[in-house]
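Colleague: Sending over a structure as structure tokens; questions will come in a sec.
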Amino acid sequence: MASSCVCLCPSPGRGPDGGGRFVPRSRPRASRVVVGRQFTTTDPVRSDARPKLTSKVLVANRGEIACRVMRTCRSMGIRTVAVHNDADSRSLHVRMADEAFCIGPAPTNESYLRVDAILDAVRRSGAEAVHPGYGFLSENMDFAAQLTAVGVTFIGPNSNAIHAMGDKIESKKLANAAKVNCIPGFDGVVKTPEECVKIAQEIGYPVMIKASAGGGGKGMRIAWNDKEAIDGFRFSTEEARSSFGDDRLLVEKFIDKPRHIEIQLMCDKHGNAVYLNERECSIQRRNQKVIEEAPSVFLDPDTRRAMGEQAVALAQAVNYDSAGTVEFLVDSKRNFYFLEMNTRLQVEHPITECITGVDLVHQMIRVAKGHPLKISQKDIPLRGWSFEARVYAEDPYKHFGLPSIGRLHRYIEPNHIPKVRCDSGIVEGSEISIYYDPMICKLVTYGDDREAARQTMLRALDAYVIRGVTHNVSLLRTIMTEPHFVKGDIHTGYLPLVFPDGFQGKRYSEEEESHLVGLAASIYVQDELHARDFLQGEKVTASETFSSWDVEVLFGDRKVAVTVVVNKSGCYSATVGGHQLDVTIPADVSKPTVAADVSGTEYTLQLLQRDFTGTMKLVFQGIALDVTVLTREAAQFLDQMPEKPKLDTSKVVEAPMPGLVKLVSVKVGDMVGENQEVCVIEAMKMQNSLVAAAMGKIKGVFVKAGQTVDEGQLLVELE
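Here UniProt numbering is used: the sequence shown runs in plain steps of one and ends on residue 719.
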């Protein structure tokens with residue numbers, strides 16, 4: 001993680017226009033670009049040791065990818081320029097840059113998507129080149145062309161290649177011509193819901209309705225019938241227009257339960273092209289990737305080579321000249337089909353860097369300035385294994401992840417663990433905003449093999465401290481230990497198959513549950529001993545005064561009796577279900593993470609809060625749990641207390657996440673059926689349809705289109 005905050009101060013009169021520039025007083029120390037293997041960006045085989053290729057690069061993006069690009073620029077001796085809007089003025093990428101320019105208010109279509117504002121920042125800063133990152137303008141051919149027209153280098157592919165491959169409809173036609181395996185479908189633009197239904201019926205359900213422009217899972221819907229085709233057309237159109245400014249759609253056959261495997265390419269302006277092996281991206285929710293790995297456990301050398309060669313052929317057919325990714329769907333028989341080409345750096349590029357030793361950003365800068373690739377296909381290694389887990393500010397218990405917003409009041413990345421890399425654009429105190437993708441960090445691990453990389457990921461997730469927003473670490477860790485995933489038996493339908501009722505948390509084994517109970521009971525006893533020592537005003541040996549404790553541990557719907565004995569060594573023996581556990585915990589458990597040992601098994605806990613009543617909230621193997629430890633007498637008294645009645649929420653529709661109301665589908669007096677849509681909320685560029693839980697008559701509508709709402713806010717009420 002980058003170093004501490006750096007103040008920015010306005011410096012009017014500086015720069016050619018006399019104002020608007022913000023200059024950092026100092027610069028944070030750059031963190032490592034690639035961790036996990038010991039290589040650097042000056043490796044003579046994989047990068048260029050010549051003098052710097054350009055003196056100043058403007059990064060037309062925000063967040064972690066802007067920080068990522070800046071780190072490589074700094075390692076190459078290149079000065080960097082950040083752009084930001086009003087909401088991002090104190091963001092990490094602004095602090096890291098040598099210069100920064102405000103380009104507008106918070107909404108992205110008034111700032112990061114404004115070509116004129118970016119071009120103005122280029123002019124004012126004197127930047128010689130622009131790196132677009134991913135998303136926003138990274139696949140905008142007009143942006144690339146306008147930069148080229150004014151003599152500024154676009155660190156990405158040429159505008160013709162972006163046009164050819166950035167449009168899913170045109171790219172599919174070109175892929176067919178280049179003899180790349182393609183999915184059956186309709187190659188034209190679908191203009192109306194009725195046309196969408198007609199085409200879907202001709203192709204045969206299920207179908208995928210998706211935006212022609214852009215990517216990242218936005219503007220994509222699966223339809224299994226006519227109604228879903230109509231709804232999918234509507235939502236995909238809105239999301240595509242909001243995210244990419246282009247609402248054109250296409251329809252193609254949906255391949256059920258495929259693997260999503262992509263090939264990383266690097267091409268130059270001299271006709272050279274190489275593929276840097278594959279990435280498996282099959283773990284997805286709402287068509288957005290959650291966990292990626294490289295290489296794929298599924299591909300054999302022949303299939304890998306065939307996919308790589310087809311990807312290279314497609315790139316060369318359009319004179320591609322930068323980093324790019326060709327995505328494929330692969331069925332159970334290893335038949336593969338072209339999905340799309342992303343004409344930019346991918347979010348998940350770090351895992352390719354880990355297994356090949358190639359700094360992709362460095363290579364992009366080199367080839368953008370006209371240098372030929374210094375690597376050939378035979379130079380590309382495949383060494384070890386790497387995972388990337390996308391840590392999001394989302395509630396995984398709600399549809400595998402509905403966005404959360406807030407300020408990070410405690411934030412510690414697990415960079416201290418060997419072979420861990422954290423690509424993020426935030427620090428403690430940063431705010432997760434409603435305006436952008438809710439990604440907190442790309443957590444990357446490396447190992448000599450898949451199991452080593454997986455075990456490192458588990459340790460990293462346990463040690464990752466994120467407080468202030470809801471996050472998805474619990475889902476990520478549960479996936480990493482789920483038997484199908486451990487075996488590599490995965491596909492794009494993995495999440496709903498493994499969690500058919502949605503994510504409900506981890507199911508602990510009998511041993512894990514016993515260890516959890518023993519730890520909680522031991523922490524409670526230690527707290528009680530410390531409190532009594534303090535009240536007595538002198539140090540009393542615990543084993544002499546309070547040697548044995550009978551308690552009950554309550555969590556979820558479980559209540560477990562435990563006897564804790566304090567040993568003379570200061571450790572604890574906890575008897576759970578007739579089994580004795582040896583528990584070792586540190587004397588001070590107030591730190592953000594707590595290293596513990598239960599009968600030889602090591603754990604990293606996080607104690608979020610605890611009080612004198614025995615109530616504590618702790619994180620155990622990624623899951624946040626409310627645990628109460630009571631003496632036997634207190635537990636017996638609690639049993640006599642009446643249960644609190646459950647509230648009936650079937651008559652109200654509340655906002656499941658903060659967002660913007662895009663549509664209100666009902667009015668007071670309307671009759672609605674069960675699961676009928678009542679309104680649509682947009683959050684982080686995704687459209688979410690909210691439905692009535694039961695049939696009834698609308699009693700009240702409390703919001704209108706265009707209104708911003710908070711999580712839990714009442715939207716609609718039924719009689």
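C-beta: ideal position from N, C-alpha, C; glycine also. Here the structure is a predicted model, which means the values were calculated and not measured.
1. Do you know offhand how far S547's Cα is from D582's?
2. Identify the continuous alpha helix (DSSP H) that holds T575 and give its terminal residues.
3. Compute the beta-carbon to beta-carbon distance between K662 and A692, rounded to the nearest angstrom, for a pair I have assumed lies under 8 Å.
4. When every heavy atom of the ligand HEM is checked, does at least one fall within less than 8 Å of the C-beta of Q676?
5. Under DSSP, the alpha helix (DSSP H) around V312 begins and ends at which residues?
6. Are the CB atoms of A595 and T601 within a distance shorter than 9 Å?
7. Under 8 Å by Cβ, that's how I've got V290 and R390 pegged, so tell me the actual separation to the nearest angstrom.
8. Could you say which of E110, V81 and L113 lies nearest to D98 if we only look at CA atoms?
9. How many angstroms separate the CA atom of D639 from the CA atom of K559?
10. For R259 and D331, I'd like the C-alpha separation in whole angstroms.
11. Can you name, in chain order, every residue of its own chain whose Cβ lies under 8 Å from the Cβ of L249, other than the five neighbours on each side?
12. Would you say I466 and P658 are within 9 Å of each other, going by their C-beta atoms?
13. Applying the 10 Å Cβ sphere with the 16-neighbour rule, what's the burial state of V486?
14. What runs of the beta strand (DSSP E), each 3 residues or longer, lie entirely inside the stretch 360–442?
15. Compute the beta-carbon to beta-carbon distance between R79 and S111, rounded to the nearest angstrom, for a pair I have assumed lies under 8 Å.
16. What is the DSSP secondary structure of K198, reduced to helix, strand or coil?
17. Do you know offhand how far R14's Cα is from V83's?
18. If I follow the unbroken alpha helix (DSSP H) through E228, where does it start and stop?
19. Would the stretch 474–486 count as touching the stretch 414–427 if we require 3 or more Cβ pairs under 8 Å?
20. Could you tell me how far apart the beta carbons of R304 and T352 are, in whole angstroms, since I believe they sit closer than 8 Å?
21. Grab the span of the beta strand (DSSP E) containing I466 for me, first residue to last.
22. May I ask you to report which of helix, strand or coil DSSP gives N176?
23. Around the Cβ of C132, are there at least 16 other Cβ atoms within 10 angstroms (buried) or fewer (exposed)?
24. Any idea what DSSP makes of G63, helix, strand or coil?
25. Buried or exposed, going by whether 16 or more other CB atoms sit within 10 Å of the CB of L497?
26. Once the 5 residues before and after V701 are set aside, which same chain residues still bring their CB inside 7 Å of it?
27. First and last residue of the beta strand (DSSP E) that includes L265?
28. Do S159 and A144 have their beta-carbon atoms positioned less than 9 Å apart in this structure?
29. What residue range does the beta strand (DSSP E) around Y275 cover?
30. So the candidates are L402, H362, E388 and S430; which of them puts its Cα closest to the Cα of G447?
31. Rounding to the nearest angstrom, what Cα-Cα distance links T153 and N61 in this structure?
32. Can you give me the C-alpha to C-alpha distance between Y275 and F336, rounded to a whole angstrom?
33. Among A635, V207, M457 and S91, which one has its Cα closest to the Cα of V562?
34. So, are the CB atoms of T628 and M616 less than 9 Å apart?
35. For L113, collect the residues of the same chain with a Cβ closer than 8 Å to its Cβ; drop the 5 residues on either side in sequence, then sort them by chain order.
36. Of all the options A100, N181, V358 and S430, which has the alpha carbon lying nearest to the alpha carbon of A313?
Modeller: Quick answer:
1. Residue mapping note: residue 547 aligns to position 547 of the sequence shown, counting from 1. Residue mapping note: residue 582 aligns to position 582 of the sequence shown, counting from 1. For S547 and D582, the distance between alpha carbons rounds to 15 Å.
2. In the sequence shown, residue 575 corresponds to position 575, counting from 1. Careful: T575 lies outside any alpha helix (DSSP H), inside the beta strand (DSSP E) at Y572 to V576.
3. Looking up residue 662 in the sequence shown gives position 662. Looking up residue 692 in the sequence shown gives position 692. About 18 Å; that fails the 8 Å criterion.
4. The ligand HEM is not part of the structure shown, which contains no ligands of any sort.
5. Position 312 of the sequence shown, counted from the first residue, corresponds to residue 312. Taken as a continuous stretch (DSSP letters only), the alpha helix (DSSP H) holding V312 covers P301 to A317.
6. Working through the sequence shown from its first residue, we reach residue 601 at position 601. Working through the sequence shown from its first residue, we reach residue 595 at position 595. No, the Cβ-Cβ distance between T601 and A595 is not below 9 Å.
7. Counted from its first residue, the sequence shown places residue 290 at position 290. Counted from its first residue, the sequence shown places residue 390 at position 390. Rounded, the Cβ-Cβ distance is 6 Å, consistent with contact.
8. On the sequence shown, residue 98 is found 98 positions in, with the first residue counted as 1. Nearest C-alpha to D98: V81.
9. Indexing the sequence shown from 1 puts residue 639 at position 639. Indexing the sequence shown from 1 puts residue 559 at position 559. Each residue's alpha carbon lies about 11 Å from the other.
10. Residue mapping note: residue 259 aligns to position 259 of the sequence shown, counting from 1. Residue mapping note: residue 331 aligns to position 331 of the sequence shown, counting from 1. Using only the alpha carbons, I get a separation of about 6 Å.
11. In the sequence shown, the residue the question calls residue 249 occupies position 249. Closer than 8 Å at the Cβ level, and outside the excluded window around L249, lie V189, V190, C196, I209, K210, A211, S212, G219, F233, S236, T237 and A240.
12. On the sequence shown, residue 466 is found 466 positions in, with the first residue counted as 1. On the sequence shown, residue 658 is found 658 positions in, with the first residue counted as 1. Cβ distance not < 9 Å, so I466 and P658 don't count as in contact.
13. Here residue 486 corresponds to residue number 486 of the sequence shown, with the count starting at 1. Exposed, by the Cβ-count rule.
14. 385–392, 410–412 and 420–424
15. Position 79 of the sequence shown holds residue 79. Position 111 of the sequence shown holds residue 111. No, R79 and S111 are not in contact; Cβ-Cβ is about 22 Å, not under 8 Å.
16. In the sequence shown, counting from the first residue as 1, residue 198 sits at position 198. Of the three classes helix, strand and coil, the one that applies to K198 here is helix, per DSSP.
17. The residue labelled residue 14 in the question sits at position 14 within the sequence shown. The residue labelled residue 83 in the question sits at position 83 within the sequence shown. Low confidence applies to R14: its pLDDT is 28, below 50, so where it sits in the model is not reliable, and the reading given next is rough at best. When rounded, the distance between both Cα atoms is 16 Å.
18. Within the sequence shown, the letter at position 228 stands for residue 228. D226 to F244 is the extent of the alpha helix (DSSP H) around E228.
19. The stretch 474–486 is not in contact with the stretch 414–427.
20. Working through the sequence shown from its first residue, we reach residue 304 at position 304. Working through the sequence shown from its first residue, we reach residue 352 at position 352. R304 to T352, Cβ: 13 Å. No contact.
21. Along the sequence shown, one-based indexing puts residue 466 at 466. First-last of the beta strand (DSSP E) with I466: V465 to R467.
22. The residue you call residue 176 lines up with position 176 of the sequence shown. Helix.
23. The residue labelled residue 132 in the question sits at position 132 within the sequence shown. The sequence shown places Pro at residue 132, rather than the Cys named in the question. P132 comes out buried.
24. If you number the sequence shown from 1, residue 63 lands on position 63. Here G63 sits in helix by DSSP.
25. Translated into the one-based positions of the sequence shown, residue 497 becomes position 497. That one is exposed.
26. By one-based count along the sequence shown, residue 701 stands at place 701. These residues qualify, in order along the chain: V664, V666, K667, V668 and V716.
27. As a working mapping, residue 265 is identified with position 265 in the sequence shown. Start and end: R259 to C267.
28. Translated into positions along the sequence shown, residue 144 becomes position 144. Translated into positions along the sequence shown, residue 159 becomes position 159. Judged by beta-carbon spacing, S159 lies within the 9 Å limit of A144, meaning their Cβ atoms are closer than that value.
29. Along the sequence shown, read from residue 1 onward, the residue named residue 275 stands at position 275. A273 to R285 is the extent of the beta strand (DSSP E) around Y275.
30. Here residue 447 is taken as the residue at index 447 of the sequence shown, counted from 1. It is E388 whose Cα lies nearest to the Cα of G447.
31. Start at 1 with the first residue of the sequence shown, and residue 153 comes out as number 153. Start at 1 with the first residue of the sequence shown, and residue 61 comes out as number 61. Cα-Cα distance, rounded: 16 Å.
32. Locating residue 275 in the sequence shown gives position 275, where the first residue counts as 1. Locating residue 336 in the sequence shown gives position 336, where the first residue counts as 1. Cα-Cα distance, rounded: 16 Å.
33. As a working note, residue 562 is residue 562 in the sequence shown. If we check each option's Cα against that of V562, A635 comes out closest.
34. Within the sequence shown, residue 628 is the residue found at index 628, counting from 1. Within the sequence shown, residue 616 is the residue found at index 616, counting from 1. Yes, Cβ-Cβ distance for T628 and M616 is below 9 Å.
35. Along the sequence shown, one-based indexing puts residue 113 at 113. Around L113: F136, L137 and G245.
36. By one-based count along the sequence shown, residue 313 stands at place 313. Among A100, N181, V358 and S430, the Cα nearest to that of A313 belongs to N181.
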